[in-house]
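So for the sequence shown, this note's numbering puts the first residue at 4; every next one is plus one.
Beneath this line is the structure, given in structure tokens, with notes to follow.
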Amino acid sequence: MDVNEAAVLQIVLRTAAALLFLEAAIGKFADRSGFEGVVANYRVLPAPLVGPVARLLPPTEVLLAVGLLAGVLSPWPATAAAGLLLVFAAAMALNLRRGRAAIDCGCGRGGLRQPLSWSRVARNVVLAGLLVVTAPPKTAGLADWSLGLAGGGVLFLLDYTLAYLSSLAPRAAARGIPR
């Protein structure tokens, strides 16, 4: 079984990013009005743009997820996904610099409220960089796809688990449970 490591890495990253965008979109579709409030709370857009951006972001994330998984119009979905991740990172960093770490990141993590953090900014920047570096199409066989999809799923689950665990401390503190 021949494995093209570059293709596997590309598929791992695209799969993890696609699942991240898909999961985020689902969370935003589930609570549209709540997500509009999250977008407004970032205080980076003029008020008239908050609603349209909040409505356009979830379908955009779904399209990016499909494009990343299907490899359609490669390398454009990876490049566009990287750009969106950098926009998110910039908005989070701006609010962290303003001292507004307690606002919800709007990541759409299954209803988890997640405050902003530099680790989330770093995750977005690193993932964006990796997507750009691996954007040029690679020739992949069945073994490459199998390993890449499995690896991407594991990477996504690891990220989701870490996000869930990081959300527990603020929730416990809100209930008066000591650290």
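Where a beta carbon is used, it is the ideal one built from N, C-alpha and C, also for glycine.
Annotation: Ala-96 to Leu-165 spans about 20 Å, alpha carbon to alpha carbon.
In the assembly as shown, Pro-80 is a buried residue. Its beta-carbon has 16 or more other beta-carbons within 10 Å. Taking C-beta atoms as the reference points, Phe-32 and Leu-67 fail to come closer than 9 Å. Taking every protein chain shown into account, the CB of Thr-137 has 16 or more other CB atoms within 10 angstroms, so this residue is buried. Approximately 7 Å separates the beta-carbon atoms of Gly-74 and Pro-140; this is inside 8 Å, confirming the contact. In this structure, Ala-20 lies near Leu-88, with their beta-carbon atoms less than 9 Å apart. Between the alpha carbons of Ala-27 and Val-6 lies a gap of roughly 31 Å.
Going by C-alpha positions, Asp-107 is about 15 Å away from Arg-100. Within its own chain, the residues whose Cβ lies closer than 7 Å to the Cβ of Val-65, once the five positions on either side in sequence are excluded, are Leu-25 and Ala-28, listed in chain order.
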